[in-house]
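Protein chains in written order, with this note's numbering: chain A, 14 to 182; chain B, 14 to 182.
Notes for the one structure printed next.
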DNA sequence: CGATTTGCGTTGCGAATTGCTACTTACCAA
DNA sequence: TTGGTAAGTAGCAATTCGCAACGCAAATCG
């Protein structure tokens, strides 16, 4: 039957790579705190209910993977500033998508604060899937295609195309 | 800028709610497998390198939280079909955002298969943050605002003051 | 029919991870 | 010097993970 059954390991998917760090407990919560303006060990410690050794471990791991950077402050050399790197900032869409999902299905938890367009102060749109030209796409507008088949044929060989909706039913 | 320091617990953020299930190990990988068309216990078991008891536990938990549904097949009552629910399908944007991030910063892992617009077969756009009207936003176009401040006109512009809850989808 | 295989799940146990609490080291301030 | 703060470590209990073996009902085979 289906020829398109893939190994699912990290050789053909960025998801395992992403989860290597962000899949660990507290990673996303630490990141959220960082996005909300926290920068110091004791701040994270107070805001999340995390144990010291775990926080220490996670921060080291996030730094190690280039998601946060660690630099001692010159004016008080006890203090260490943890800041998001570019790589860390790039996780914002994933984090917001997760948060919006949790908010949609959670027990009436209206998230706060809310991320807004600074131009007009209006909250951002829901994170969603869009076509290359920006059109919003729903589950029925989507299909998995083999990478080698992408762009070359438009309506030629459909043998490698799979509708996403067969997942639903 | 100093006023916006929030408790970060699950009372004002959907992220902890989302992580309650999806933060556990293997949850995202199981979901990815489901999105790729796997439906049965032994299929998941073979595709991911997961232990039986863990898979059993995770599937039960995903079902328990309404992310997947479990139904025995009538033609072979040994077989159980695990399928994504609507709630599970709604995790696709978050999963894709994570995957794209992992792919961007991973060791040259071009993900396969690729999600495409079924209308023209072109791969979808990168998951990103957009304004309510669809404009793509960068990190510098964003600001956190208290929920009570959104919708009540800012900068004297009343044309956009309608309370935006779920603009898109 | 009886024997074997298949699909899904459970149990037991050692290993790894987490969490709690106390301790340490470096620094600043009086 | 004394006291307090910031970051990190150490020890130990509790939880979770992972592997292998076992259980069991439903299908399949001879």
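Beta carbons are placed, not taken as given, at the ideal position from N, Cα and C, and that holds for glycine.
Output the boundary residues of the alpha helix (DSSP H) element that contains residue i.
{"i": "residue 74 of chain B", "result": "65-77"}
{"i": "residue 93 of chain B", "result": "That residue, residue 93 of chain B, is in no alpha helix (DSSP H); its beta strand (DSSP E) goes 93-97."}
{"i": "residue 112 of chain A", "result": "105-118"}
Does DSSP put residue i in a helix, in a strand, or in coil?
{"i": "residue 143 of chain B", "result": "strand"}
{"i": "residue 83 of chain A", "result": "strand"}
{"i": "residue 159 of chain A", "result": "coil"}
{"i": "residue 34 of chain A", "result": "helix"}
{"i": "residue 150 of chain A", "result": "coil"}
{"i": "residue 174 of chain A", "result": "Low confidence applies here, because residue 174 of chain A scores a pLDDT of 47, under 50, leaving its location unreliable; read the following figure in that light. In this structure, residue 174 of chain A counts as strand in the three-state DSSP scheme."}
{"i": "residue 136 of chain B", "result": "strand"}
{"i": "residue 51 of chain A", "result": "coil"}
{"i": "residue 40 of chain A", "result": "helix"}
{"i": "residue 9 of chain A", "result": "Within the shown structure, residues of chain A are numbered from 14 to 182, placing residue 9 of chain A beyond reach of any answer."}
{"i": "residue 90 of chain A", "result": "coil"}
{"i": "residue 25 of chain B", "result": "coil"}
{"i": "residue 182 of chain A", "result": "Unreliable placement is indicated for residue 182 of chain A, whose pLDDT of 39 sits below 50; the coordinate value is still reported in the next sentence. Looking at residue 182 of chain A - three-state DSSP - the assignment turns out to be coil, as it is neither helix nor strand."}
Quick one: residues in its chain with C-beta nearer than 8 Å to the C-beta of residue i, no 5 flanking neighbours on either side, listed in chain order?
{"i": "residue 34 of chain B", "result": "40, 74, 75, 78, 80"}
{"i": "residue 108 of chain A", "result": "41, 44, 45, 48"}
{"i": "residue 68 of chain A", "result": "39, 43, 54, 57, 58, 61"}
{"i": "residue 84 of chain A", "result": "93, 94, 96"}
{"i": "residue 72 of chain A", "result": "43, 54, 57, 81, 83, 95"}
{"i": "residue 171 of chain A", "result": "Annotation note: pLDDT 44 at residue 171 of chain A (below 50); position unreliable, no value reported."}
Against chain A, with Cβ distances strictly below 8 Å, would residue i count as a contact?
{"i": "residue 118 of chain B", "result": "yes"}
{"i": "residue 184 of chain B", "result": "Residue 184 of chain B cannot be examined here, being either before or after the span of chain B that is shown, 14 to 182."}
{"i": "residue 72 of chain B", "result": "no"}
{"i": "residue 29 of chain B", "result": "yes"}
{"i": "residue 104 of chain B", "result": "yes"}
{"i": "residue 25 of chain B", "result": "yes"}
{"i": "residue 69 of chain B", "result": "no"}
{"i": "residue 89 of chain B", "result": "no"}
{"i": "residue 152 of chain B", "result": "yes"}
{"i": "residue 141 of chain B", "result": "yes"}
{"i": "residue 155 of chain B", "result": "yes"}
{"i": "residue 147 of chain B", "result": "yes"}
{"i": "residue 128 of chain B", "result": "yes"}
Please list the terminal residues of the continuous beta strand (DSSP E) segment that includes residue i.
{"i": "residue 58 of chain A", "result": "Residue 58 of chain A -> not in any beta strand (DSSP E); alpha helix (DSSP H) instead, spanning 54-60."}
{"i": "residue 127 of chain A", "result": "127-130"}
Tell me whether residue i counts as near the ligand ZN, meaning its Cβ is closer than 7 Å to at least one heavy atom of that ligand.
{"i": "residue 68 of chain B", "result": "In terms of ligand content, the structure shown is empty, and the ligand ZN therefore cannot be addressed."}
Identify, in the order they occur along the chain, each residue of the same chain with its Cβ nearer than 6 Å to the Cβ of residue i, setting aside the five sequence neighbours on each side.
{"i": "residue 26 of chain B", "result": "none"}
{"i": "residue 31 of chain A", "result": "none"}
{"i": "residue 82 of chain B", "result": "96, 98"}
Would residue i count as contacting chain B if we go by Cβ distances under 8 Å?
{"i": "residue 93 of chain A", "result": "no"}
{"i": "residue 32 of chain A", "result": "yes"}
{"i": "residue 125 of chain A", "result": "yes"}
{"i": "residue 101 of chain A", "result": "no"}
{"i": "residue 54 of chain A", "result": "no"}
{"i": "residue 137 of chain A", "result": "yes"}
{"i": "residue 76 of chain A", "result": "no"}
{"i": "residue 112 of chain A", "result": "yes"}
{"i": "residue 65 of chain A", "result": "no"}
{"i": "residue 115 of chain A", "result": "yes"}
{"i": "residue 47 of chain A", "result": "no"}
{"i": "residue 58 of chain A", "result": "no"}
{"i": "residue 134 of chain A", "result": "yes"}
{"i": "residue 109 of chain A", "result": "yes"}
Closer than 7 Å by C-beta to residue i: which residues in its own chain qualify, once you throw out the five before and the five after it? Chain order, please.
{"i": "residue 112 of chain A", "result": "124"}
{"i": "residue 144 of chain B", "result": "150"}
{"i": "residue 100 of chain B", "result": "79, 80"}
Touching by the beta-carbon criterion (3+ pairs, under 8 Å), the region 48-65 of chain B and the region 83-102 of chain B: Yes: at least three Cβ pairs fall under 8 Å.
Cβ pair count under 8 Å reaching 3, the region 141-156 of chain B against the region 128-146 of chain A: The way I'd put it, the region 141-156 of chain B does touch the region 128-146 of chain A; three or more beta-carbon pairs between them come closer than 8 Å.
Segment contact, 8 Å Cβ cut-off, at least three pairs: the region 114-125 of chain B with the region 112-127 of chain A: As far as the Cβ criterion goes, the region 114-125 of chain B does not touch the region 112-127 of chain A, which means the pair count is below three.
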